[in-house]
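Residues 574 to 858 in our numbering are what the first sequence spells out, letter by letter. The beta carbon of each residue, even a glycine, is placed where N, CA and C say it ideally should be.
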Amino acid sequence: MPELPEVETIKQDLKERIVNKQITSVLLSKKAIIKNKRIDFIKEIKNNKFTDILRIGKLIIFVLASKKYMLVHLKMTGQLIYQQGKDIIAGGHPEPDLEKLPNKFTRIIFEFKNGSKLYFNDIRRFGYMQIVDEVGLNEIKNKFGLEPIDKKFTFEYFQKIFENKNKSIKVALMDQDKIAGIGNIYASEICFEAKIKPARKAKNLSIKELKALYLASKKVLQVAIKNRGTTFSDYVDATGHAGYNISFLKVYDRKGMKCKRRDGGIINKIILGGRGSFYCPKCQK
DNA sequence: AACTCAACCTGGCGGC
DNA sequence: TGCCGCCAGGTTGAGT
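Structure below.
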């Protein structure tokens, strides 16, 4: 579910809290998805600690003191929730509420020496965890394209991805091998920001349009990160109410509603790459 | 090689 | 406490 901005937010929040805390145990429910042998996974984690947390695209990388790496992918419905007494921070899928932990969707629990806990919840069980060594990490890292927020993400790099491509720009934006971190929500948002229809073939964009799309991809992600993600939920108090940040999305999931631009029309929904895609037929050309 | 699409899994919601 | 079909912010392998 989460895209780059949401994953970045939870990464930052967790990093502030769990780095260098001794892990006393890890509990795996029967429905947890672990790509290693369970016994190996537990052995690597127990009595170890995370010295840093990194991210590439939508993949979170927990650096272990043992120089191995625990990869976490939240996919559609994964959540990471850290609880230290009444201080609870949560990132990822916003449902269900966090009144009680663990709940029926809790798949993995890490326990730290100071009594705090990290929960991995996942309704649909697409998300996973995996421990790899340096070589394995590099293999995986190499599969990702540059992120739009990366300094090396130049217009020339962007242009090359789109030239001669027969697929729609929206689908091209989501190709993680080429551009890391854009998912189904932000792909629609980026096309809206650039005022270009998401169904346009990548190879048919003019230089001017490509430039607009390039700038939009950077801007949309940067703004989203600044806003701590789209539906990122933040809990300061276990008894507090769920405080989802107000959505600032402009087109996603707004089918039939009025475009937020003054000269806009009614938002339309089409399917591209098998996914719902939203755009304004009037202000997006 | 490039591209499309169903499949993975589970719950929520709208329509009937 | 109705049932059914569709949809869901991701990735990937099989098929064309």
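If you reduce the DSSP assignment to three classes, tell me which class residue 846 lands in.
Residue state, collapsed to three classes: coil.
If I'm right that residue 649 touches residue 611 with Cβ under 8 angstroms, what's the distance once you round it to whole angstroms?
23 angstroms between Cβ atoms; not a contact.
Alpha-carbon spacing of residue 799 relative to residue 721, whole angstroms:
Going by the C-alpha atoms only, they are around 15 angstroms apart.
Buried versus exposed, by CB contacts within 10 Å (16 or more), residue 728:
So residue 728 ends up on the exposed side.
Between the alpha carbons of residue 748 and residue 716, how many angstroms are there, rounded?
Computed Cα separation, rounded: 11 angstroms.
Report yes if the CB atom of residue 621 is closer than 8 angstroms to the CB atom of residue 596, and no otherwise.
Closer than 8 angstroms, so yes.
Please work out which residues of its chain come closer than 6 angstroms, Cβ to Cβ, to residue 744, disregarding the five sequence neighbours upstream and downstream, and give them in chain order.
Closer than 6 angstroms at the Cβ level, and outside the excluded window around residue 744, lie 845, 846.
Reducing DSSP to helix, strand and coil, say where residue 678 ends up.
Looking at residue 678 - three-state DSSP - the assignment turns out to be coil, as it is neither helix nor strand.
Within 10 Å of its beta-carbon, does residue 795 have 16 or more other beta-carbons around it, so buried, or fewer, so exposed?
A residue is called buried when at least 16 other Cβ atoms come within 10 angstroms of its Cβ; residue 795 does not meet this threshold and is exposed.
So, at 6 angstroms on beta carbons, what are the nonlocal neighbours of residue 838 in its own chain, with the 5 sequence-adjacent residues on each side left out?
Excluding sequence positions up to five before and after residue 838, its CB lies within less than 6 angstroms of the CB of 832, 853, 854, 855, all in the same chain and listed in chain order.
Provide the residue span of the beta strand (DSSP E) that contains residue 694, from first to last.
Unbroken beta strand (DSSP E) run through residue 694: 690 to 695.
Cβ neighbours of residue 730 in the same chain (closer than 8 angstroms, five flanking residues each side left out)
Contacts found: 719.
Could you check the C-alpha separation between residue 603 and residue 824 for me, to the nearest Å?
Approximately 39 angstroms between the Cα atoms of the pair.
Rounding to the nearest angstrom, what Cα-Cα distance links residue 774 and residue 736 in this structure?
Inter-residue distance for residue 774 and residue 736 is about 10 angstroms (C-alpha atoms, whole angstroms).
For residue 787, report the span of its beta strand (DSSP E) as first-last.
From DSSP, residue 787 is part of no beta strand (DSSP E) but of the alpha helix (DSSP H) over 780 to 799.
Burial state of residue 517 (16 or more Cβ within 10 Å)
Limits of the chain in this structure are 574 at one end and 858 at the other, which puts residue 517 out of reach.
DSSP-derived helix/strand/coil call for residue 709
Residue 709 falls in the helix class under three-state DSSP.
Please report the residue range of the beta strand (DSSP E) in which residue 599 lies.
For residue 599, the uninterrupted beta strand (DSSP E) segment begins and ends at 596 to 601.
C-beta contact flag for residue 644 and residue 705 at 8 angstroms:
Inclusion of residue 644 and residue 705 in the CB contact set at 8 angstroms is warranted, their separation being smaller than that value.
Minimum C-alpha distance to residue 755 - residue among 629, 623, 827, 658
The shortest C-alpha to C-alpha distance from residue 755 to any of 629, 623, 827, 658 is the one to 629.
Give every residue of the same chain whose Cβ lies closer than 7 angstroms to the Cβ of residue 784, excluding the five residues on either side of it in the sequence, and list them in chain order.
So the qualifying residues of the chain are 728.
Segments assigned beta strand (DSSP E), at least 3 residues, entirely inside the segment 622 to 663:
Taking only runs of at least 3 residues, the beta strand (DSSP E) segments lying wholly in the segment 622 to 663 are 623 to 629, 632 to 637, 642 to 646, 651 to 657.
To the nearest angstrom, how far is the alpha carbon of residue 842 from that of residue 802?
Taking the CA atoms as reference points, residue 842 sits about 23 angstroms from residue 802.
Name the DSSP bridge partner or partners of residue 841?
Per DSSP, the beta-bridge partners of residue 841 are 852.
Determine, using beta carbons only, whether residue 690 and residue 656 come nearer to each other than 8 angstroms.
Result yes, Cβ atoms of residue 690 and residue 656 sit closer than 8 angstroms.
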